[in-house]
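Have a look at the structure below, then the notes.
Numbering (our numbering), first residue to last: 8 to 228.
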């Protein structure tokens, strides 16, 4: 039987897991490519004049971001022989909005991409809970092993957090300069996400199956 194109359900015992460090690099890499290509866009255009056909630095960075996203998905496929659902959804939006931005030479699409992605993730996670599915397990299953209640609570919190990030992106690009938005997109959003993630550790520890197993063994003795 051929393996599924999309990653298996987190509860599927046959599901392969990706090394957490590699998974982190694949998910963070395209964003860093976008940031550094934007701040060095003019230099790149001077060194490689063909890039001027793409437009100004932000649009050049958008094209590089699309390529980096495609490479990230390709590496995931080569390693896992399946595609991770959340990065795949994000990639589809990146390709759609990136293509519109380049075709119309309109940076608005690049500005709104994080809003659309985070809104979609947030609504998907909260919508999944409405149907009894804790979809966050697709993202964090290789890092955490939680009971059903833990996944539900964590999914709800991350759903709200994604909507918060969407609203925050709208505030930043509509009220501040492009440079401020860019720096906040990388050096603001990432630390906020790390702080939020670490703030969930008490919940994760309470509902961790790995923590419960030793306690149950001790109770049985």
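Glycine included, C-beta positions come from ideal geometry on N, C-alpha and C.
CB-CB under 7 Å to residue i, same chain, minus the five flanking residues each way: which ones, in chain order?
i	result
residue 210	157, 160, 161
residue 61	67, 70, 109
residue 216	152, 153, 154
residue 207	161, 164
residue 82	33
residue 40	71, 72, 75
residue 214	153, 154, 156, 157
Between the Cα of residue i and the Cα atoms of the options, which residue gives the shortest distance?
i	options	result
residue 93	189, 124, 26	124
residue 43	96, 131, 186	186
residue 126	100, 113, 140	100
residue 30	79, 121, 173, 163	79
residue 178	203, 87, 122, 198	122
residue 197	138, 169, 183, 133	169
residue 199	175, 181, 183	175
residue 128	116, 171, 64, 114	171
residue 45	213, 205, 189	189
residue 182	87, 118, 107, 212	118
Cβ of residue i versus every heavy atom of the ligand SAM: is any distance shorter than 7 Å?
i	result
residue 175	Ligands are entirely absent from the displayed structure, and the ligand SAM is therefore not among its contents.
Please work out which residues of its chain come closer than 8 Å, Cβ to Cβ, to residue i, disregarding the five sequence neighbours upstream and downstream, and give them in chain order.
i	result
residue 135	141, 142, 162
residue 112	62, 66
Apart from the five residues just before and just after residue i, which ones in its own chain have a Cβ nearer than 6 Å to its Cβ?
i	result
residue 97	124
residue 220	Interpretation of residue 220 is limited by its pLDDT of 48, a score under 50 that renders its predicted location unreliable; no figure is taken from the coordinates.
residue 2	The first residue shown for the chain is 8 and the last is 228, placing residue 2 beyond what the model contains.
residue 191	179
Rounded to the nearest angstrom, how far is the Cβ of residue i from that of residue j, given a contact under 8 Å?
i	j	result
residue 38	residue 193	6 Å
Checklist entry - Quick one: complete beta strand (DSSP E) runs, 3+ long, within the segment 116 to 159? => result none
Checklist entry - In the segment 21 to 98, which residue ranges form an unbroken alpha helix (DSSP H) of at least 4 residues, counting only runs that do not cross its ends? => result Runs of the alpha helix (DSSP H) inside the segment 21 to 98: 27 to 46, 48 to 54, 64 to 87.
Item to check | Secondary structure, alpha helix (DSSP H): runs of 4+ residues fully inside the segment 181 to 206 | outcome: 185 to 194, 196 to 206
Checklist entry - Does the segment 48 to 61 touch the segment 72 to 79, meaning 3 or more C-beta pairs lie closer than 8 Å? => result no
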